[in-house]
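Okay, structure first, notes after.
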Amino acid sequence: QWDGARPTRRAGVFLALALEAGPFALLCAIMGESVSATALAIAVAGPVAEELAKIAAPLMMLEKRPWLFSSGASLAGLCALSGLVFATIENLVYFFVYIQDPTPEIVLWRLFACTALHVACASLSGFGLARAWRRAAAARGAAEPSLATPWIVAAMAVHGAYNALATAWELLAPGA
Numbered sequence: 001q002w003d004g005a006r007p008t009r010r011a012g013v014f015l016a017l018a019l020e021a022g023p024f025a026l027l028c029a030i031m032g033e034s035v036s037a038t039a040l041a042i043a044v045a046g047p048v049a050e051e052l053a054k055i056a057a058p059l060m061m062l063e064k065r066p067w068l069f070s071s072g073a074s075l076a077g078l079c080a081l082s083g084l085v086f087a088t089i090e091n092l093v094y095f096f097v098y099i100q101d102p103t104p105e106i107v108l109w110r111l112f113a114c115t116a117l118h119v120a121c122a123s124l125s126g127f128g129l130a131r132a133w134r135r136a137a138a139a140r141g142a143a144e145p146s147l148a149t150p151w152i153v154a155a156m157a158v159h160g161a162y163n164a165l166a167t168a169w170e171l172l173a174p175g176a
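FYI, the numbering used here numbers position 142 of the sequence shown as 142, with every residue one higher than the one before it.
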């Protein structure tokens, strides 16, 4: 199977996963936000759900058919792209649904800081998935997704720390 995977099939799988991963993650985030808006949910549950959702499709494909990825870098890139798609859609939702008349400062912050956060966190997870892929490719066998766990947990921790700091800033900032 490793030697028989055609480049066109790999490209098709990459495209399908790229189109699916970001919107799926946003759907999970919206469903999660409807449950609770407590500080614990914002700093822990939300980041855990979002980071898992952004990589869910690539992770499942890695587990079932790792040979359909051409390299660890393509897998990491796919995760980064998922983060970018997620951030773009999330920003649009914030600009047109959640925030009435967002200020230019909020727009710039969301476009740069929040987008960078989502891409960076998804990339961290992607590095872990790439690690698992490289091990599977070297053995020409099944992938061990558990090898990605430290990277995925790091992505969740970074995202959770950002959310905690942003929430504290919002609550404690002068004139808030």
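Don't be surprised by glycine CBs; every beta carbon is placed ideally from N, CA and C.
Below 8 Å on the Cβ atoms is my guess for L26 versus I89; work out the distance and round it to an integer in Å.
Stepping through the sequence shown from its first residue, residue 26 is reached at position 26. Stepping through the sequence shown from its first residue, residue 89 is reached at position 89. That pair is a contact at about 5 Å.
Please report how far the alpha carbon of G83 lies from the alpha carbon of A120, in whole angstroms.
Position 83 of the sequence shown, counted from the start, is the residue given in the question as residue 83. Position 120 of the sequence shown, counted from the start, is the residue given in the question as residue 120. C-alpha separation (whole angstroms): 8 Å.
How is G4 classed by DSSP in three states: helix, strand or coil?
One-based indexing of the sequence shown puts residue 4 at position 4. G4 falls in the coil class under three-state DSSP.
Here's a check: name, in chain order, each residue in its chain whose Cβ is nearer than 7 Å to the Cβ of P47, leaving out the five neighbours to either side.
What you label residue 47 is simply residue 47 of the sequence shown in a count that begins at 1. Closer than 7 Å at Cβ, skipping near neighbours: M156, H159, G160, N163.
Rounded to a whole number of angstroms, what is the C-alpha to C-alpha distance between L81 and W2?
Working through the sequence shown from its first residue, we reach residue 81 at position 81. Working through the sequence shown from its first residue, we reach residue 2 at position 2. If you draw a straight line from the Cα of L81 to the Cα of W2, it comes to about 24 Å.
Please give the ranges of any alpha helix (DSSP H) in the stretch 33 to 111, keeping only runs that are unbroken, at least 4 residues long and fully inside the region.
46 to 64, 72 to 93, 104 to 109
How would you call S58, buried or exposed, if buried means at least 16 neighbouring beta carbons within 10 angstroms?
Here residue 58 is taken as the residue at index 58 of the sequence shown, counted from 1. The amino acid at residue 58 is misidentified as Ser; the sequence shows Pro. By the 10 Å Cβ count, P58 comes out buried.
Can you give me the Cβ contacts of P66 inside the same chain, cut-off strictly under 6 Å, excluding the 5 residues immediately before and after it?
Along the sequence shown, read from residue 1 onward, the residue named residue 66 stands at position 66. Excluding residues within five positions, the ones whose Cβ falls inside 6 Å are W133, A136, A143.
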